[in-house]
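There are 2 protein chains.
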Amino acid sequence: MKKPVIHAPAAAMQKLLEELAAFSAPGPGVTRLLYTPEWSGAQHFLQEKMAGLGLEVHTDSVGNVFGRLNGSQHSGSVILTGSHIDTVVNGGKYDGAYGVAAAVTALHYLAETFGPPLRTLEVAAFCEEEGSRFPLTFWGSGNITGLYDGRAGDSIADPEGVTLMEAMNACGPGTGGSQESSDKSGNSARREDIGMYVELHIEQGILLEQSALQIGVVQAIAGQRRFAVRVTGTANHAGTTPMGLRRDALAGTAEMLCALERSAVEAGAPLVATTGRLEVIPGTPNVIPGEVQFTLDIRHSEAARLESFCAALVAAFREIAARRGLMLELVPTLATSPAPMNQALCEALEQICLEQGRSFRRMVSGAGHDAQLFAPECPTAMIFVPSRAGISHSPEEYSSPEELAAGLNVLTALLYRLAYEVS
Amino acid sequence: MKKPVIHAPAAAMQKLLEELAAFSAPGPGVTRLLYTPEWSGAQHFLQEKMAGLGLEVHTDSVGNVFGRLNGSQHSGSVILTGSHIDTVVNGGKYDGAYGVAAAVTALHYLAETFGPPLRTLEVAAFCEEEGSRFPLTFWGSGNITGLYDGRAGDSIADPEGVTLMEAMNACGPGTGGSQESSDKSGNSARREDIGMYVELHIEQGILLEQSALQIGVVQAIAGQRRFAVRVTGTANHAGTTPMGLRRDALAGTAEMLCALERSAVEAGAPLVATTGRLEVIPGTPNVIPGEVQFTLDIRHSEAARLESFCAALVAAFREIAARRGLMLELVPTLATSPAPMNQALCEALEQICLEQGRSFRRMVSGAGHDAQLFAPECPTAMIFVPSRAGISHSPEEYSSPEELAAGLNVLTALLYRLAYEVS
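Chains as they are written, first to last, in UniProt numbering: chain G, 1 to 423; chain V, 1 to 423.
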């Protein structure tokens, strides 16, 4: 069968991206937090937009928005594509929104050009992924895949003390599905009919730009381990305490951070290890630090390597603390498993890149994405396009129209292959 | 000439210490900040106390309080002894106050026992040393020795925005000298008649306790260099930025802190080097630190060694920063010269310890003291007694009555030798 030429309308997608970016709280960049008026405005705009483009719109009880293009066959299993609609505070236009805008554009283009698909295609605009308003992530995809059941405890509240449940209820019918259906089922967002999931996203890293490649074919989303670490020594006078009599919590921490970096470099890519927050107590120039608290963020695409790295690191930290007479406490605060992408889909993406004459590389996503929630449930794929200077979660976030168009056409070609070329 | 037996009344000194400790703002320990009601109360109490003990009381324009025992000969040059009356917030009973209470007790005891001295003795209760209310230290001894001239700029203000000058003027005549004499002379606190200065103080370190010795004969007060350091890299996503592409300000800082500790240990005592404050920006667990700000506090009793250590350290920091692509800024924030104590006075103190059967050691004071202001002006000596667990600037600060009595008797014997045994 001759491959059709895929030429999705990138200008329409770019316009949709700009329209979505207009739904933002005041301030630099885009701020669209879960269940805020801006967020609600964007989700309603998207519903109208998709309906106008001929997609069958539906929502669910937590505020995910879907636009469906029914398949003429195989209607029982859906090929889902999209991303999240929420942003961080003062984020960019592309993180999440790009995957949504490209999915809408792709489905409309496919329907207009090739008619109804054999298998059902659906756009998803997930209500939440970032965890920027409430201390919880993946509320959108997590409710679809069963990580959540539509409920969050009262401890899940925003900085103003509004709980997630209060915010969701206050959003009312605008949340998505009618309030009644939510009340009746208790978990109307859970879906068992997703047969595949494909997500297009900006890289949020610098690898593609550095290697001047157009497309990243994601092999896996890295698993994460996070720890809160507390090192306790003895606060003392910086002038009167000889070096040999100190139990300096910061000097011990510095040795641990050097070990962290050295072992991460030795482990090699895709392992990354970071201390992003560190506090010194009492924090006075002429007092030897009695306590240091810091965070560890460690990621790898292979569970066994992630585990063994963390185990060796903890052992090294314990050795340093014991030798220095320091107390060490390590509390795990996050543990997500690596999410391998579907290999057949990865190969299909590589074939499409070759057919379209696009440069590409295989890569691991060090950042978390909605796709990691779907990967254990169904064949899942992710496509990356370059981020300028690797910058994301910032008003400076940028990918060029050409880069965005390349990703759109790869996505569209994959969806065509999955939904129209069913054997 | 047969040495007289010195047996100063330690109980009287202990009582005076307790009486002074009662002048405190509410809260744990003792809080007696410059020009506060508590401070004013203590200085007035001291004036009355000394007058009652037969000392000739005078004050100066900045609030230093003096109690004079006039010499029958050599009246032109004064042997000054004492310490500061102010405390840190929630400090102890002994820091500063011990040197004042012991001096008062010693002078009264000497006068009662041996009559008037040949050379004039004077107790000094310096108004300020700690820098706890205003961002300035040694306001008391500094005005006597010419470091200050009775004036401080409007930028020298307490956390409530009250300037030092406003606080001093509000204290009114209670400050010390009459307001008029201060206004007329502009610098009435400057004294040119100090022939010697002797200060008794708690060690505020753990060396005497660790070696189970009674007396520290201070050879020098360490000079200090302080720096504010800023390391700038690039904030980036902790998940998407490979180890090899990072410019992690905290990883670079950790390497610097390890180099700091290693080189300080290699340099050997009495060098000490400390980072007490450190801040990470932005300080988010999943963001690679783009900037770290930290302090350096480096001390040594020999100026040349202090300088060469600092120069080598800065060079090592620059090498680390350059290799990692980080920007390094080092701003000197404090530079005090080492203050060697007078060797004849040190030898006299050692002889007295031997005569009194007291164990002692020579040592360097890593902490700053009023004595360092006098050392360039006149022969100066310092005597240390043990601090339990080396703890100071805390309600936990403690030295036993026996330890305090030993220091009192060494001080008294030295004053006897200097003021009564004049050849």
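Each residue gets a CB set at the ideal place from its N, CA and C atoms; glycine is no exception.
Given the structure is predicted, the values throughout are model-derived calculations rather than measurements.
What did DSSP end up calling residue i once you bin it into helix, strand or coil?
{"i": "G/Ser182", "result": "In this predicted model, G/Ser182 has a pLDDT of only 39, less than 50, meaning its place in the structure is not dependable enough to derive any value."}
{"i": "G/Ile391", "result": "coil"}
{"i": "V/Met13", "result": "helix"}
{"i": "residue 435 of chain V", "result": "Lying before the first or after the last residue shown, residue 435 of chain V is absent from chain V, which here runs from 1 to 423."}
{"i": "G/Pro270", "result": "coil"}
{"i": "G/His369", "result": "coil"}
{"i": "V/Met196", "result": "strand"}
{"i": "G/Gly177", "result": "Confidence at G/Gly177 is low in this model, with a pLDDT of 41, below 50, so its placement is unreliable and the value that follows should be read with caution. Three-state result, G/Gly177: coil."}
{"i": "V/Ile206", "result": "coil"}
{"i": "G/Leu415", "result": "helix"}
{"i": "V/Glu421", "result": "coil"}
{"i": "V/Thr113", "result": "helix"}
{"i": "V/Leu33", "result": "coil"}
{"i": "V/Gly41", "result": "helix"}
{"i": "G/Cys62", "result": "One point to set straight first is that residue 62 of chain G is Val, not Cys, in the sequence displayed. G/Val62 falls in the coil class under three-state DSSP."}
{"i": "V/Ile288", "result": "strand"}
{"i": "G/Glu377", "result": "coil"}
{"i": "G/Ile6", "result": "coil"}
{"i": "V/Gly27", "result": "coil"}
{"i": "V/Thr253", "result": "helix"}
{"i": "G/Gly325", "result": "coil"}
{"i": "G/Val88", "result": "coil"}
Please confirm whether residue i and residue j have their CB atoms less than 8 Å apart.
{"i": "G/Ala22", "j": "G/Arg32", "result": "no"}
{"i": "G/His201", "j": "G/Gly99", "result": "yes"}
{"i": "G/Met327", "j": "G/Ala321", "result": "yes"}
{"i": "V/Asp297", "j": "V/Gly283", "result": "no"}
{"i": "V/Phe317", "j": "V/Leu271", "result": "no"}
{"i": "V/Arg119", "j": "V/Ile79", "result": "yes"}
{"i": "G/Gly92", "j": "G/Gly131", "result": "no"}
{"i": "V/Arg247", "j": "V/Gly233", "result": "yes"}
{"i": "V/Pro9", "j": "V/Thr137", "result": "no"}
{"i": "V/Met50", "j": "V/Val218", "result": "no"}
{"i": "V/Val65", "j": "V/Ala125", "result": "yes"}
{"i": "G/Leu408", "j": "G/Leu349", "result": "no"}
{"i": "G/Glu129", "j": "G/Asp86", "result": "yes"}
{"i": "V/Gly216", "j": "V/Arg361", "result": "yes"}
{"i": "V/Pro338", "j": "V/Ile221", "result": "yes"}
{"i": "V/His108", "j": "V/Leu53", "result": "yes"}
{"i": "V/Val229", "j": "V/Leu306", "result": "no"}
{"i": "V/Ala405", "j": "V/Arg358", "result": "no"}
Can you name the residues of chain V whose CB is closer than 7 Å to the CB of residue i?
{"i": "G/Ala251", "result": "Leu257, Glu261"}
{"i": "G/Ala254", "result": "Ala254, Leu257, Cys258"}
If the cut is a Cβ gap below 9 Å, which residues of chain G does residue i touch?
{"i": "V/Gln204", "result": "His237, Gly239, Thr240"}
{"i": "V/Val280", "result": "Thr275, Gly276, Arg277, Leu278, Glu279, Phe294"}
Determine which residues share a DSSP beta bridge with residue i and list them.
{"i": "G/Gly216", "result": "G/Arg361, G/Phe384"}
{"i": "V/Val57", "result": "V/Gly67"}
{"i": "G/Phe227", "result": "G/Leu296, G/Pro332"}
{"i": "G/Gly82", "result": "G/Ala124"}
{"i": "V/Ala339", "result": "V/Ile221"}
{"i": "V/Ala157", "result": "V/Thr163"}
{"i": "G/Thr275", "result": "Note: G/Thr275 sits in no beta bridge, so no partner."}
{"i": "V/His201", "result": "V/Phe384"}
{"i": "G/Asn236", "result": "G/Ile288"}
So which residues of chain G does residue i contact, with C-beta pairs closer than 7 Å?
{"i": "V/Ile194", "result": "What V/Ile194 touches in chain G: nothing, since even the nearest Cβ is about 25 Å away."}
{"i": "V/Pro289", "result": "Gly276"}
{"i": "V/Thr284", "result": "Gly276, Arg277"}
{"i": "V/Ala335", "result": "Here the premise fails: no neighbours, minimum Cβ distance about 14 Å."}
What I want to know is whether the C-beta of residue i ends up closer than 7 Å to one or more non-hydrogen atoms of the ligand PLP.
{"i": "V/Ile288", "result": "Annotation note on the ligand PLP: not contained in the displayed structure, which lists no ligands."}
So residue i contacts chain V; which residues on that side make the cut at Cβ distance below 9 Å?
{"i": "G/Ala222", "result": "Gly239"}
{"i": "G/Gly366", "result": "His237, Ala238, Gly239, Thr240, Thr241, Pro242"}
{"i": "G/Leu245", "result": "Gly205, Ile206, Leu207, Gln210, Gly390"}
List the residues of chain V that residue i touches, going by C-beta distances under 8 Å, in chain order.
{"i": "G/Asp158", "result": "Per Cβ cutoff of 8 Å: no residues; G/Asp158 is ~17 Å from chain V at best."}
{"i": "G/Asp297", "result": "Ala238, Gly239, Pro285, Asn286"}
Under 8 Å Cβ-Cβ, which residues of chain G neighbour residue i?
{"i": "V/Ser392", "result": "His237, Thr240"}
- Message: Would the stretch 133 to 152 of chain V count as touching the stretch 357 to 377 of chain V if we require 3 or more Cβ pairs under 8 Å?
- Response: Yes, they touch.
- Message: Would you call the stretch 192 to 201 of chain V in contact with the stretch 408 to 420 of chain V, where contact means no fewer than 3 C-beta pairs closer than 8 Å?
- Response: Yes, the stretch 192 to 201 of chain V is in contact with the stretch 408 to 420 of chain V.
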